[in-house]
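For the sequence shown, the positions run 1 to 679 when the working numbering is used.
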Amino acid sequence: MERRIVKVALDTPLDTAFDYRWIKSDEAEPIPQVGQFVLVPFGRREVVGLILAVQQASDLAEDKIRDVIAVRSQLAPLSSKWLALCYFAADYYQRPVGEVVIPCSPKNLRALKNTALDKAIKKTAKLKAPALATASVRPQLHDEQEQAVLALEADTGFSVNLLFGVTGSGKTEVYLQAAERILDRARMAGEAAQVLILVPEINLTPQLEGNIRARFPHLQLATLHSQLAEGERLLNWMAAHTGNADIVLGTRLAVLASMPDLKLIVIDEEHDPSYKQQEGLRYSARDLGIWRAHQLNIPVVLGSATPSMESWQHAATGRYRKLELTRRAASNAQLPRVSLIDMERNKAPDGLAEPLVAAIKLRLEKGEQSLLFLNRRGYAPVIHCDACGWISNCRRCTAFMVLHKPERRLRCHHCSLELRIPNACPTCGNVDLQPLGRGTQRVEETLQKMFPDARVLRIDADSTRKKGSAQEAFDSVHRGDVDILLGTQMVAKGHDFQRLTLVGAINPDTALFSQDYRAGERLFAQLMQVAGRAGRAAQSAEGNPSEVLIQTRYPAHPLYRALLAHDYAGFAQTTLEERRSAGLPPFMFQALLRAEARELPLALAFLEQARGLLDHEGIIINDPVPMTITRVAGIERAQLLVESVSRMQLQAFLKPWVADLRALKSKVRWTLEVDPVDI
Ligand SMILES: [Zn+2]
Ligand SMILES: [Zn+2]
Numbered sequence: 001m002e003r004r005i006v007k008v009a010l011d012t013p014l015d016t017a018f019d020y021r022w023i024k025s026d027e028a029e030p031i032p033q034v035g036q037f038v039l040v041p042f043g044r045r046e047v048v049g050l051i052l053a054v055q056q057a058s059d060l061a062e063d064k065i066r067d068v069i070a071v072r073s074q075l076a077p078l079s080s081k082w083l084a085l086c087y088f089a090a091d092y093y094q095r096p097v098g099e100v101v102i103p104c105s106p107k108n109l110r111a112l113k114n115t116a117l118d119k120a121i122k123k124t125a126k127l128k129a130p131a132l133a134t135a136s137v138r139p140q141l142h143d144e145q146e147q148a149v150l151a152l153e154a155d156t157g158f159s160v161n162l163l164f165g166v167t168g169s170g171k172t173e174v175y176l177q178a179a180e181r182i183l184d185r186a187r188m189a190g191e192a193a194q195v196l197i198l199v200p201e202i203n204l205t206p207q208l209e210g211n212i213r214a215r216f217p218h219l220q221l222a223t224l225h226s227q228l229a230e231g232e233r234l235l236n237w238m239a240a241h242t243g244n245a246d247i248v249l250g251t252r253l254a255v256l257a258s259m260p261d262l263k264l265i266v267i268d269e270e271h272d273p274s275y276k277q278q279e280g281l282r283y284s285a286r287d288l289g290i291w292r293a294h295q296l297n298i299p300v301v302l303g304s305a306t307p308s309m310e311s312w313q314h315a316a317t318g319r320y321r322k323l324e325l326t327r328r329a330a331s332n333a334q335l336p337r338v339s340l341i342d343m344e345r346n347k348a349p350d351g352l353a354e355p356l357v358a359a360i361k362l363r364l365e366k367g368e369q370s371l372l373f374l375n376r377r378g379y380a381p382v383i384h385c386d387a388c389g390w391i392s393n394c395r396r397c398t399a400f401m402v403l404h405k406p407e408r409r410l411r412c413h414h415c416s417l418e419l420r421i422p423n424a425c426p427t428c429g430n431v432d433l434q435p436l437g438r439g440t441q442r443v444e445e446t447l448q449k450m451f452p453d454a455r456v457l458r459i460d461a462d463s464t465r466k467k468g469s470a471q472e473a474f475d476s477v478h479r480g481d482v483d484i485l486l487g488t489q490m491v492a493k494g495h496d497f498q499r500l501t502l503v504g505a506i507n508p509d510t511a512l513f514s515q516d517y518r519a520g521e522r523l524f525a526q527l528m529q530v531a532g533r534a535g536r537a538a539q540s541a542e543g544n545p546s547e548v549l550i551q552t553r554y555p556a557h558p559l560y561r562a563l564l565a566h567d568y569a570g571f572a573q574t575t576l577e578e579r580r581s582a583g584l585p586p587f588m589f590q591a592l593l594r595a596e597a598r599e600l601p602l603a604l605a606f607l608e609q610a611r612g613l614l615d616h617e618g619i620i621i622n623d624p625v626p627m628t629i630t631r632v633a634g635i636e637r638a639q640l641l642v643e644s645v646s647r648m649q650l651q652a653f654l655k656p657w658v659a660d661l662r663a664l665k666s667k668v669r670w671t672l673e674v675d676p677v678d679i
């Protein structure tokens, strides 16, 4: 009787693989293989895990080992390369491997019944092999694009390429033609090939998916992102896993897709914070993408108009190759003209200064579109009582309740608590409660009053709650049904608005004085990105370049000076010098231990204990401190920052430290984040 011991990874916080016994039940049944999914009993439940090893014997006593229920042998096993990627991610981010391999596979694959899987296998088998490339119409590349594509095409091994180009300079065209040439070359050589394209948020870049489908009608494109229905997600995952999909387009989770024939990885807007997963395995999809390219010995392209400081620094030292696109692709499109409106000199009782109002008026007269950017949703961030000083604090968080006027609610953006707007001050009974500051809803109201005939549209997380409503809203802007578009960072990404010639940034200053040292870098990227929405196709009717107006109280701030000159390189240089002298990333490597408890002293005491656990030569362990927003939903939160100038040294410290932390079995909930982005 054939039998094996299989070691199975399960989605548990326990850092271990579990032994199960497999016994051949009939002649036809194949021996289980590493990389296959398997149904096993776990406690009183049945769960699906992944086989990490197949052995003859176990170290456990025979009666401690339970039997495998079923092996999903109808699915080709995940490759050893893919498993190595998962082991690396688990190791680097200090999580059990089960928390990597299980959650990143589609839910339907993990279902207790085979039905969905068998159906997907049948459907996938019916897909025909893609035909040979047909000559599709592709735009002529300008010389810089051509050089970039040639450089990528010439790479036969691992290389990290920073494709640095202003918005509208045609980075996407470089991705597509490089992908096409690499796929074609493989096909000519009789090899299979796949390309992975990562984007920060797929819903904000629907044009890209459309472009790829239109360009490569003969190729299979599979999308992978969290908003797919489960059935579709499994089918698309299968298409990637079987090699049927030539191109996989996805968000950060797609970096862990099984792609046996991967030959090129593209990471668009590589600086975008959405590439960082903020729960569970807190990975950076960009960093894993680079590791994966190295593992497979293939090129990876990081595209951005405002690269992250990490990538820029690597390009400066020559670790990455910089490919530069210095001008816009459409020959008559110029960079927009950026100007600052000094808010110390300009009155703006409604939040909009006179020069901005005049510029909007001009666009309305000419039938052109304006875009106003305000990264704060709701009507006002807080309401207060003039008589007694009461202010709308959330009772569960160290945060304000935000006024949402159309919904007639106060909402906490941290714990989602909702209350009716009080008719009178809860403390003194004053009925005249005042909103303080302004969010998108309030500016929308102002615009409607100022320009009663204009068609104003607000796009933010509140206006786009319904599925598909964001798409609908963007479509109406493209159709020209909107005169003034107003929104949060949602409007900054991806879209080319043909008739847009004015961009206004309403209150960007808040980010300048944030405690988060990355806030400036993010603000610069956002403003560049939102400015790039203007005049992408052509200039305004009178032949003037499009215009970007920024309202600020600090017109002399270096960030704004760099923005005026479209000088990312200058901004990056200053920022990097500051980071170097302050001992911050990318010159320092960090990990952040966070603790949560009902009472703050408990969380702090846990961190204090954690600090004393291990000898730490070459490692800086800072004081435990409460987080900026200390309390969320009644839970107090504190953190401990661990740093080292050496990534290897930090990693060498973290491994045993995390083991010791686990061994404490503390009641305090804790998480560790390697390379944290929000501190
Ligand atoms: Zn009051
Ligand atoms: Zn709250």
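Built from N, CA and C at the ideal position, the CB exists for glycine as well.
Run the Cβ filter for me: residues under 6 Å from any heavy atom of ligand 1, listed in the order they occur in the chain.
Qualifying residues, in the order they occur: C385, A387, C388, W390, C425, T427, C428, N430.
Please report the distance separating the alpha-carbon of A541 from that of A424.
On the sequence shown, position 541 is the one that residue 541 refers to. On the sequence shown, position 424 is the one that residue 424 refers to. Here the model assigns A541 a pLDDT of 49, short of 50, so the residue's position is not dependable and the matter cannot be decided.
With a threshold of 7 Å (Cβ to nearest heavy atom), would L403 be considered close to ligand 3?
In terms of ligand content, the structure shown lacks ligand 3 and carries ligand 1 and ligand 2 instead.
Check whether the Cβ of L410 lies closer than 7 Å to any heavy atom of ligand 2, and answer yes or no.
Walking along the sequence shown from the start, residue 410 turns up at place 410. Because no heavy atom of ligand 2 lies under 7 Å away, the Cβ of L410 does not count as near it: no.
In angstroms, rounded to a whole number, what distance separates the CA positions of T501 and A534?
As a first step, residue 501 must be located in the sequence shown, where it is residue number 501. As a first step, residue 534 must be located in the sequence shown, where it is residue number 534. Whole-angstrom Cα-Cα distance: 5 Å.
Looking only at its chain, what residues have a beta carbon closer than 7 Å to the beta carbon of Q515, apart from the 5 residues adjacent to it on each side?
Counted from its first residue, the sequence shown places residue 515 at position 515. Cβ neighbours of Q515 beyond the five flanking positions: T628.
Just mark F18 as buried or exposed, buried being the case when its beta carbon has 16 or more other beta carbons within 10 Å.
Position 18 of the sequence shown, counting from 1, holds the residue named residue 18. Result: buried.
Looking at the structure shown, is I506 part of a helix, part of a strand, or coil, going by DSSP?
For the purposes of this step, residue 506 is identified with residue 506 of the sequence shown, where counting begins at 1. Note: I506 maps to coil in three-state DSSP.
Keeping to the same chain, check which residues put their C-beta closer than 6 Å to that of P555; ignore five residues upstream and five downstream.
Numbered from its first residue, the sequence shown carries residue 555 at position 555. If we look at P555 and ignore the five residues flanking it on each side, its Cβ neighbours are L340, D342.
With F18 as the anchor, note down where its beta strand (DSSP E) starts and where it stops.
Mapped onto the sequence shown, residue 18 falls at position 18. Segment 18-23, the beta strand (DSSP E) holding F18.
The beta strand (DSSP E) with C385 in it runs from where to where?
Translated into the one-based positions of the sequence shown, residue 385 becomes position 385. Unbroken beta strand (DSSP E) run through C385: 382-385.
Is the closest heavy atom of ligand 2 to the C-beta of L417 under 7 Å?
Here the question's residue 417 lines up with position 417 in the sequence shown. Yes; taking the cut-off as 7 Å, the Cβ of L417 has a heavy atom of ligand 2 nearer than that.
Under 8 Å: do the region 38-48 and the region 3-11 share three or more Cβ pairs, one atom per stretch?
Yes: the two stretches touch, three or more of their Cβ pairs being nearer than 8 Å.
Can you grab the Cα-Cα spacing for the pair A120 / S25, in whole Å?
Sequence index remark: in the sequence shown, residue 120 carries index 120 (1-based). Sequence index remark: in the sequence shown, residue 25 carries index 25 (1-based). If you take the alpha carbons of A120 and S25, they lie about 26 Å apart.
Given that a residue counts as buried once 16 or more other Cβ atoms are within 10 Å of its Cβ, and exposed if not, what is F513?
In the sequence shown, residue 513 corresponds to position 513, counting from 1. Answer is exposed; the Cβ neighbour count stays below 16.
Can you check the region 251-300 for any beta strand (DSSP E) of at least 3 residues that lies completely inside it and give the ranges in chain order?
The region 251-300 contains these whole beta strand (DSSP E) runs: 262-268.
Along the chain, where does the beta strand (DSSP E) containing R631 start, and where does it finish?
Here residue 631 is taken as the residue at index 631 of the sequence shown, counted from 1. 625-632 is the extent of the beta strand (DSSP E) around R631.
Indicate whether R518 and T440 have their beta-carbon atoms separated by less than 8 Å.
Sequence index remark: in the sequence shown, residue 518 carries index 518 (1-based). Sequence index remark: in the sequence shown, residue 440 carries index 440 (1-based). Not in contact: R518 and T440 (Cβ atoms no closer than 8 Å).
Is R598 close to ligand 2? I mean its beta-carbon at under 7 Å from any heavy atom of the ligand.
Your numbering for residue 598 matches position 598 in the sequence shown. Flag unset: Cβ of R598 not near ligand 2.
Does DSSP classify W657 as helix, strand or coil?
As a first step, residue 657 is located in the sequence shown; it is residue number 657 there, counting from the start. Reduced to three states, the DSSP call for W657 is helix.
What's the C-alpha gap between L417 and E407?
The count along the sequence shown starts at 1 and reaches residue 417 at position 417. The count along the sequence shown starts at 1 and reaches residue 407 at position 407. Whole-angstrom Cα-Cα distance: 14 Å.
If I'm right that E324 touches T251 with Cβ under 8 Å, what's the distance once you round it to whole angstroms?
Counted from its first residue, the sequence shown places residue 324 at position 324. Counted from its first residue, the sequence shown places residue 251 at position 251. Not quite, the Cβ-Cβ distance comes to about 27 Å (not below 8 Å), so this is no contact.
In this structure, how does DSSP classify H404 when only helix, strand and coil are distinguished?
Here residue 404 refers to the residue found at position 404 when the sequence shown is read from its first residue. In this structure, H404 counts as strand in the three-state DSSP scheme.
Taking 8 Å as the cut-off, does the region 157-166 touch the region 226-243 (at least 3 CB pairs, one atom from each stretch)?
The region 226-243 vs the region 157-166: no contact.
Is DSSP giving G437 helix, strand or coil here?
The sequence position of residue 437 within the sequence shown is 437, counting from 1. Three-state DSSP puts G437 in coil, outside helix and strand.
Over what stretch of residues does the alpha helix (DSSP H) that includes A689 continue unbroken?
Since the first residue shown for the chain is 1 and the last is 679, residue 689 is missing from the structure and cannot be characterised.
Would you call the region 362-379 and the region 488-498 in contact, with 3 or more CB pairs under 8 Å?
These segments touch.
Measure from the alpha carbon of G303 to the alpha carbon of each residue in K322, A353, W82, then state which is nearest.
Position 303 of the sequence shown, counted from the start, is the residue given in the question as residue 303. Nearest C-alpha to G303: K322.
Which runs of the beta strand (DSSP E) spanning at least 3 residues fall entirely within the region 456-492, listed in chain order?
Those beta strand (DSSP E) runs which fall completely within the region 456-492 and span 3+ residues are 456-459, 484-487.
Considering only C-alpha positions, which residue in the set A595, Q609, A610 is nearest to A603?
Stepping through the sequence shown from its first residue, residue 603 is reached at position 603. Checking every option, the nearest Cα to that of A603 belongs to A595.
Could you please give me the residues that DSSP links to S370 through a beta bridge?
For the purposes of this step, residue 370 is identified with residue 370 of the sequence shown, where counting begins at 1. Looking at the DSSP assignment, S370 forms a beta bridge with I484, L502.
If you draw a straight line from the C-alpha of S682 to the C-alpha of Q36, how long is it?
For residue 682 there is no data in the structure shown, the boundaries of the chain being 1 and 679.
Grouping DSSP H, G and I as helix and E and B as strand, with all else coil, what is D675?
Here residue 675 refers to the residue found at position 675 of the sequence shown. Residue state, collapsed to three classes: coil.
Let's see if you can read the secondary structure: which residues bound the beta strand (DSSP E) around T223?
In the sequence shown, residue 223 corresponds to position 223, counting from 1. Taken as a continuous stretch (DSSP letters only), the beta strand (DSSP E) holding T223 covers 221-224.
Which stretch, first to last residue, makes up the beta strand (DSSP E) that contains A534?
Residue numbering aside, residue 534 sits at position 534 when the sequence shown is read from its first letter. No beta strand (DSSP E) contains A534, which DSSP labels as neither H nor E.
Pick helix, strand or coil for V68, following the three-state DSSP scheme.
As a first step, residue 68 must be located in the sequence shown, where it is residue number 68. Coil, per DSSP.
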